[in-house]
Amino acid sequence: MTSDKGKKLKRINAGLIGFGTVGTGVVKVLRENAGVIKDKLGCELVLKKIADRDTARDRGVKVDEGVLTADAMDVINDPEISIVIELVGGTGIAKTFIMEALERGKHVVTANKALLSTHGKEIFRKASEKGVDIYFEASVAGGIPVIKALREGLAANRIESLYGIINGTANYILSKMTNDGGKFEDVLRRAQEKGYAETDPSYDVDGIDTAHKLAILINLCYGTYIGLGDIFTEGIRDISQLDIKFAREFGYRIKLLAIAKSIDGRVEARVHPTMIPAAHPLAMVDGAYNAVHLRGDAVGPVMFYGLGAGMMPTASAVVADLMDICRNLNKDISNRLSPLSYTDEAVREIKIRDINSLEIPYYIRFLAVDKPGALSKISGVLGNHNISISSVIQKDRKIGGAVPLVILTHNAQERSLRDAIAEIQKMDIIHDKIVYVRIEENLGAAN
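At position 271 of the sequence shown (counting the first as 1) the number is 270 in numbering that gives the first Met the number 0, and the numbers step up by one without a gap.
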């Protein structure tokens, strides 16, 4: 529903596809905050249609008769609906819905990180071709407005580094292990019982969800299109209570971090468990909370913190996007802001740094037979691979006939470290799998 030039609309209609947890939150926010939304927009924002396969389930919110439909195309084809909200999720039918909406000249709001990190290039180009807007604040870090910050507030900056805790499930598990103790498996099971983790938790604990979100953030930071396959990804399954305790002794905490850095024309793109100084603000982000720490060349370090998931925080971001599009409609404009903030002509390919070229300190934990010469054999192999030791801790407590031996290194090359560990793993003095964790000492420092 468009306006005559300069004439404000009295009502803007939106349609919602996907009436699940977040969709229910969107209905609640629009209803409970209708007054403040109208005061800020100067017009009424109306949810005209809601599409979901299940039209009978009680969501705890009532909708007017005739609003609910089982057919998403009823939303997309309605000529009175200007904005389509996609909250179906996934990379299949959701893509079809978005592309059909864009093709019909509808503006789109989505929270779909998997879709945008996989097919963002195609979707954004279609929006540009049709002269409509697509907003996606809720796709990363729930209610935290980090995407708006990158697209607008920090637009004048070159982003030098980004560190993110952007998966609440993984952070909840690591926080519980750190604060309350317990094995990974036990903490995960309790998280599943409380509804913090899915029955199949691999998407969260293996870093996949974090990598999807990091891809979107990197594309915004550097005006490019990378996907899941470009990001080195490791999860948290190998982190034990031993590692948590040793990290504390060295003055660190372990977090699953999304990391991007621009160095010498290349971008690091990696997701993995990371030891960070316990005094750093990111180390203090506990439970299901998220945080993103950015450094811009002009602004310096900036950190965003808040709930990264859940019905209402995510709905808050969705409705904020809706309101941005409504403001555009009331000024009879669109494409004021390109999806990545960069012009189409400026979007380019970037070179991703090979993880094997990474040079940082490492934590390495061995379970080694407690006999003379064990440490010298291990340190000898590390030395042969140009890996210098900064600290060593050896505990007396035996675990299956072996004792924990922990080494911190000075800056070492990832390739050399992997080669050394592969060689040490074959020694008869080693019991169990060797665990190593990367260390980030100066988060957000100027490169």
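Ideal placement from N, C-alpha and C gives every residue a C-beta, glycine not left out.
{"Item": "For Gly307, which option in Arg236, Leu161, Lys394 and Pro144 has the closest C-alpha, if you only look at C-alpha atoms?", "Value": "Pro144"}
{"Item": "Would you report the Cα separation of Asn441 and Ala290, rounded to the nearest angstrom?", "Value": "17 Å"}
{"Item": "What do you reckon, are the CB atoms on Leu101 and Tyr162 nearer than 8 Å?", "Value": "no"}
{"Item": "Work out the CA separation of Thr20 and Val26 for me, nearest whole Å.", "Value": "10 Å"}
{"Item": "Return yes when the Cβ of Ala214 is within less than 8 Å of the Cβ of Ser116, no when it is not.", "Value": "yes"}
{"Item": "Considering Cα atoms alone, identify which of Ile235, Ser337, Asn178 and Gly299 is closest to Val284.", "Value": "Asn178"}
{"Item": "Quick one: what's got a C-beta closer than 8 Å to Arg347's C-beta in the same chain, skipping five residues either side?", "Value": "Gly222 and Thr223"}
{"Item": "Starting from Asp331, trace the beta strand (DSSP E) in both directions and tell me its first and last residue.", "Value": "From DSSP, Asp331 is part of no beta strand (DSSP E); its letter is neither H nor E."}
{"Item": "Quick test of your reading: Ile363 and Ile406, contact by CB under 8 Å. State the CB separation rounded to the nearest angstrom.", "Value": "5 Å"}
{"Item": "In the structure shown, what three-state DSSP assignment does Ser239 receive?", "Value": "coil"}
{"Item": "Quick one: is Asn111 buried, meaning 16 or more other Cβ sit within 10 Å of its Cβ, or exposed?", "Value": "buried"}
{"Item": "Could you name the residues of the same chain whose beta carbon sits closer than 7 Å to that of Asp3, not counting the 5 residues immediately before and after it, in chain order?", "Value": "Note on Asp3: pLDDT 49, under 50, position unreliable in the model; no value is reported."}
{"Item": "Starting from the Cα of Asp418, find the closest Cα among Lys129, Lys125 and Ile377 and give me that residue.", "Value": "Ile377"}
{"Item": "Around the C-beta of Val35, are 16 or more other C-beta atoms found within 10 angstroms, so that it is buried, or is it exposed?", "Value": "exposed"}
{"Item": "Please classify Thr1: is it buried, with 16 or more other beta-carbons within 10 angstroms of its beta-carbon, or exposed?", "Value": "Its pLDDT being 43, under 50, Thr1 is placed unreliably by the model, and the measurement read from it follows with that caveat. Classification for Thr1: exposed."}
{"Item": "If I follow the unbroken alpha helix (DSSP H) through Leu281, where does it start and stop?", "Value": "From DSSP, Leu281 is part of no alpha helix (DSSP H); its letter is neither H nor E."}
{"Item": "Check for me: the alpha helix (DSSP H) holding Ile431 runs from which residue to which?", "Value": "A small correction: the amino acid at residue 431 is Asp; Ile does not occupy that position in the sequence shown. Asp431 -> not in any alpha helix (DSSP H); beta strand (DSSP E) instead, spanning Ile429 to Ile438."}
{"Item": "Is the beta carbon of Ile133 sitting closer than 8 Å to the one on Ile122?", "Value": "yes"}
{"Item": "Counting along the chain, where does the beta strand (DSSP E) carrying Thr109 start and finish?", "Value": "His106 to Thr109"}
{"Item": "What's the gap between the Cα of Gly141 and the Cα of Phe135?", "Value": "10 Å"}
{"Item": "Give the DSSP-derived three-state secondary structure of Glu197 in the structure shown.", "Value": "coil"}
{"Item": "Classify Thr273 as buried or exposed, calling it buried when 16 or more other Cβ atoms lie within 10 Å of its own Cβ.", "Value": "buried"}
{"Item": "Using DSSP with H/G/I as helix, E/B as strand and the rest coil, what is Lys64?", "Value": "As written in the sequence, residue 64 is Glu, which differs from the Lys given in the question. Coil."}
{"Item": "Suppose you measure from the CA of Phe303 to the CA of Gly59; what does that come to, to the nearest Å?", "Value": "31 Å"}
{"Item": "Can we say the stretch 241-252 touches the stretch 187-207, given the rule of at least three CB pairs closer than 8 Å?", "Value": "no"}
{"Item": "May I ask you to report which of helix, strand or coil DSSP gives Ile158?", "Value": "strand"}
{"Item": "List, from N- to C-terminal side, the beta strand (DSSP E) runs of 3 residues or more that fit wholly inside the stretch 62-102.", "Value": "80-85"}
{"Item": "Please state the DSSP three-state secondary structure of Met426.", "Value": "coil"}
{"Item": "When burial is assigned at 16 or more other CB atoms within 10 Å of the CB, is Lys94 buried or exposed?", "Value": "buried"}
{"Item": "Helix, strand or coil for Tyr341 per DSSP?", "Value": "coil"}
{"Item": "Contact check, Gly104 vs Lys129 under 8 Å by CB: the rounded distance?", "Value": "6 Å"}
{"Item": "Would the stretch 186-196 count as touching the stretch 371-385 if we require 3 or more Cβ pairs under 8 Å?", "Value": "no"}
{"Item": "Helix, strand or coil, according to DSSP, for Pro312 in the structure here?", "Value": "helix"}
{"Item": "For Ile392, name the three-state secondary structure that DSSP assigns.", "Value": "strand"}
{"Item": "Over the uninterrupted beta strand (DSSP E) stretch that includes Asn289, give me the two end residues.", "Value": "Tyr288 to Gly295"}
{"Item": "Do three or more CB pairs link the stretch 40-48 to the stretch 275-284 at distances below 8 Å?", "Value": "no"}
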